[in-house]
C-alpha cells in the first residue's frame with residue numbers, strides 16, 4: 004500500500020507531502036491487519052471498510068490541519084499515530100490467534 008500511495012508525496016497540497024514516507028509504510032502495513040480483521044468480522048461488509056478507511060484518512064488529515072509544514076522535530080504526532088496503528092495490528096494478531104476464524 005505504501006507503493007500504491009507514493010504519488011501523493013509529490014502533491015504539495017496533500018498532507019502526505021509532509022509525512023515521513025517510512026512512517027506511512029509502517030502505518031499502512033500495520034493497519035492492513037485491522038482492515039482485514041474488520042472485514043472478516045463484518046462478514047465481508049465493504050461499506051464498513053469504506054467508512055473505516057475514510058475515518059483513517061480524516062484522522063491523518065486532522066494531524067496536519069493546524070500544522071501545514073511540520074518540522075521534523077515536531078512530527079511526533081504522526082509517529083504517535085503510526086505507533087497506535089502498530090499496537091492495533093498487534094492486538095488483532097493476538098485476537099486472531101486466540102479466536103481463529105472458521106475458514107482457517
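In this note's numbering, the protein residues as written are 4 to 107.
We put the CB at the ideal spot given by N, CA and C, even for glycine.
Model, not experiment: these values are computed from the prediction.
Neighbourhood of residue i by C-beta, 6 Å cutoff - its chain only, sequence neighbours within 5 removed
i, result
"residue 107", "Because residue 107 carries a pLDDT of 48, less than 50, the predicted location of this residue cannot be relied on, and the following value inherits that uncertainty. Cβ neighbours of residue 107 beyond the five flanking positions: none."
Pairwise C-alpha distance: residue j and residue i
i, j, result
"residue 55", "residue 79", "23 Å"
"residue 21", "residue 43", "33 Å"
N-terminal and C-terminal residue of the alpha helix (DSSP H) that residue i is part of
i, result
"residue 30", "24 to 44"
"residue 7", "Taken as a continuous stretch (DSSP letters only), residue 7 belongs to no alpha helix (DSSP H), as it is neither H nor E."
"residue 93", "79 to 101"
8 Å Cβ cutoff, residue i in contact with chain D
i, result
"residue 78", "No chain D is part of this structure, which consists of one protein chain only."
Cβ neighbours of residue i in the same chain (closer than 7 Å, five flanking residues each side left out)
i, result
"residue 24", "12"
"residue 5", "27, 28 and 31"
Residue i classed as buried or exposed, judged by whether at least 16 other C-beta atoms fall within 10 angstroms
i, result
"residue 64", "exposed"
"residue 61", "exposed"
Nonlocal neighbours in the same chain, by C-beta distance under 8 Å from residue i, ignoring five residues either side
i, result
"residue 46", "none"
Taking contact to mean at least 3 C-beta pairs separated by less than 8 Å, is the stretch 33 to 50 in contact with the stretch 9 to 17?
no
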